[in-house]
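Asker: Starting off with a structure, shown below.
Protein chains: 2
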Amino acid sequence: MIVRMAPEERRDAIVAAALVIARRKGLGGTTVRDVASEMGTSSGLIHHYFDSMDDVLAAAFDRAASNDLARTMEAMSAGADPVEKLVAFFDNYSVPGSDWTFQLWLDAWAEASRRSAVRATSERLNIEWQQLLAENLKEGVAVGVFDCPDPDGTAWRIISLLDGLSLQVVAHEATLARETISFWIRSYAESETGLAPGSLR
Amino acid sequence: MIVRMAPEERRDAIVAAALVIARRKGLGGTTVRDVASEMGTSSGLIHHYFDSMDDVLAAAFDRAASNDLARTMEAMSAGADPVEKLVAFFDNYSVPGSDWTFQLWLDAWAEASRRSAVRATSERLNIEWQQLLAENLKEGVAVGVFDCPDPDGTAWRIISLLDGLSLQVVAHEATLARETISFWIRSYAESETGLAPGSLR
DNA sequence: CGGCTTGTTGCGCACATGTCCAACACCCGA
DNA sequence: TCGGGTGTTGGACATGTGCGCAACAAGCCG
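Residue numbers (the working numbering), protein chains in the order written: chain H, 680 to 880; chain R, 680 to 880.
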């Protein structure tokens, strides 16, 4: 029995199914047939909605990363001041059990050089994350709680340190402990913003 | 005409050929047939020397990364003191034109969760890089030129910031300038070691 | 109710993939 | 000079790949 869906709905379903597979087999390991059978439909259907597999993967990664970003933005908006927001940022960045999202980032960075749609998406989202942090830093400077001469640069450095450390945890698991990198990244942020040690706990 | 090689030699040739392909098509995109035809031999030969493709890829990555490591160690050994060695470390980390090595790192980190041999290799080499840096920091502390309470932690943080920043350059190219990250990483190292700003130039 | 748009199928095409293996060619030691 | 050991071949095998397409069916509109 054919289940006919509205275009929007079906597109969403495809992306959702692709995400399930990507979570299990990696971005690069996600195939048209896998996605189709996950949805319980035929593989031809995927190409009815997407020009190429590259686009499907980019859309899947986009949804996962955008979702994390939105969740973090929401968590930050609950903070009363820039300091609280910064704490919310870090609390949200590495929620336990969401390692698979970061694995997707690793996949995306690696695939970036060979899949243009994925590359464009990861670049855009990376910048959005940096912006989110930078805006909060600027607000803190304006209000006078942060001492930070170059918020944009600081944001890039914090994001990058976070990525570099998370990478070790996700790719190699045992080399670095989760609590350790949580402590390190907060200490670094404190030093970059002129906050007293322990302020971001 | 069959060209018979000594086992050692042939193994090396396979790894070298795999590296040529991996450089062009990525670690994950390297296939048995590609490697074979790069050597001008048959594909069966690869499996005569390696149990699986995973092992070939791990060996190829191992050679590339070990090579970089050795080159950096040598450059550091030319430095007269820990400060000079640290400068040599940074100078060597991001030689222009060796982006492809870093792309291999990106590939390896992404593949780590799905190819155990690659994973073991990248984990080991990541630790070796950290050790290289940590040993130099410890030496500097012993001699009294560095003020650094936790050299091992500092080494991890420097390596991670470097990785996180390099990642943006290699995967996204345009977002961050090379000279910018070179400046940032040196400034960060100065602050972690208690050196005066500009010491690592 | 009939027609038409369009979502959906299921399979075919042309390749590519890792792995394995019987046969072959080369070199060394007897 | 003649085995035997082993490096090497070339293709078989089963499976997987993205993509395209004719046919079918569902639902909307007149």
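Every residue, glycine too, gets a C-beta built ideally from N, C-alpha and C.
(1) Count the C-beta pairs between the segment 831 to 846 of chain R and the segment 827 to 841 of chain H that are closer than 8 Å, then say yes if the count reaches three, no if not.
(2) Count the CB pairs spanning the segment 823 to 837 of chain H and the segment 812 to 821 of chain R that are closer than 8 Å, and state whether there are at least three.
(3) Quick one: any contact between the segment 731 to 742 of chain R and the segment 706 to 719 of chain R, if contact means 3 or more CB pairs under 8 Å?
(4) With a floor of 4 residues, list each alpha helix (DSSP H) that falls wholly inside the segment 732 to 763 of chain R, ordered by position along the chain.
(5) What are the residues in the segment 789 to 807 of chain R lying within 9 Å of chain H by C-beta distance?
(6) Short check: CB of R/LEU698 to CB of R/ALA754, under 7 Å?
(7) Beta-carbon within less than 6 Å of R/ASP747's beta-carbon, same chain only, minus the 5 sequence neighbours each way: which residues are those?
(8) Which stretch, first to last residue, makes up the alpha helix (DSSP H) that contains R/ALA695?
(9) So, for R/VAL694: in the same chain, excluding its five sequence neighbours on each side, which residues have a beta-carbon less than 7 Å away from its beta-carbon?
(10) Do we get a CB-CB distance below 7 Å when we pair H/LEU840 with the residues of chain R?
(11) If contact is defined by three or more beta carbon pairs under 8 Å, each pair taking one atom from either stretch, is the segment 859 to 872 of chain R in contact with the segment 799 to 815 of chain H?
(12) Tell me the DSSP secondary structure of H/ARG798 in three-state form.
(13) Start and end of the alpha helix (DSSP H) containing R/VAL824?
(14) State the start and end residues of the unbroken alpha helix (DSSP H) segment that holds H/THR872.
(15) CB R/GLU785 to CB H/ALA789, shorter than 7 Å?
(16) For H/GLN782, which residues in chain R fall below 7 Å Cβ to Cβ?
(17) Out of R/ALA875, R/GLY877, R/ILE681 and R/ILE864, which one is the CA nearest neighbour of R/ASN771?
(18) Name, going along the chain, the residues of the segment 818 to 845 of chain R whose beta-carbon falls closer than 9 Å to a beta-carbon of chain H.
(19) Going by the CB atoms, is the gap between H/MET718 and H/ALA701 shorter than 7 Å?
(20) Nearest-angstrom Cα distance between R/LEU844 and R/PHE769?
(21) Counting beta carbon pairs with one atom in the segment 792 to 803 of chain H and one in the segment 853 to 861 of chain H, are three or more of them shorter than 8 Å?
(22) What number of angstroms, rounded off, separates the C-alpha of H/GLU807 from the C-alpha of H/ASP831?
(23) Output, in sequence order along the chain, the residues in the segment 744 to 776 of chain R whose CB is closer than 8 Å to any CB in chain H.
(24) Considering only C-alpha positions, which residue in the set H/PRO876, H/GLU688 and H/THR833 is nearest to H/ILE725?
(25) Can the beta-carbon of H/SER801 be found less than 7 Å from the beta-carbon of H/ALA787?
(26) Counting only Cβ pairs nearer than 7 Å, list the residues of chain R close to H/GLY707.
(27) Is it buried or exposed for R/PRO761, if we count other Cβ within 10 angstroms and need 16 for buried?
(28) Does the beta-carbon distance from H/ARG690 to H/TYR728 come in below 7 Å?
(29) Please identify the residue among R/ALA767, R/ILE860 and R/ALA757 whose C-alpha is closest to the C-alpha of H/MET834.
(30) Quick check on H/ALA767: buried or exposed, where buried means 16 or more other Cβ atoms within 10 Å of its Cβ?
(31) Could you name the residues of chain H that R/LEU855 contacts, counting a contact when the two beta carbons are closer than 9 Å?
(32) For R/PRO876, does the three-state DSSP call read helix, strand or coil?
(33) Once the 5 residues before and after R/SER721 are set aside, which same chain residues still bring their CB inside 7 Å of it?
Answerer: Judging by the given coordinates:
(1) yes
(2) no
(3) yes
(4) 732 to 756
(5) ALA789, GLU790, ALA791, SER792, ARG793, ARG798, SER801, GLU802, ASN805 and ILE806
(6) no
(7) THR780
(8) 686 to 704
(9) ALA738, ALA739 and ARG742
(10) yes
(11) no
(12) helix
(13) First-last for R/VAL824: undefined, no H or E at that position.
(14) 857 to 872
(15) Rather than Glu, the amino acid found at residue 785 of chain R in this sequence is Leu. Taking 7 Å as the Cβ cut-off, R/LEU785 and H/ALA789 qualify as a contacting pair.
(16) SER792
(17) R/ILE864
(18) GLY832, TRP835, ARG836, ILE838, SER839, LEU840, LEU841, ASP842, GLY843, LEU844 and SER845
(19) no
(20) 13 Å
(21) no
(22) 12 Å
(23) none
(24) H/GLU688
(25) yes
(26) GLY707
(27) buried
(28) yes
(29) Note on identity: in this sequence residue 834 of chain H is Ala, with Met being the wrong assignment. The candidate whose alpha carbon is nearest that of H/ALA834 is R/ILE860.
(30) buried
(31) TRP835 and SER839
(32) coil
(33) ALA715
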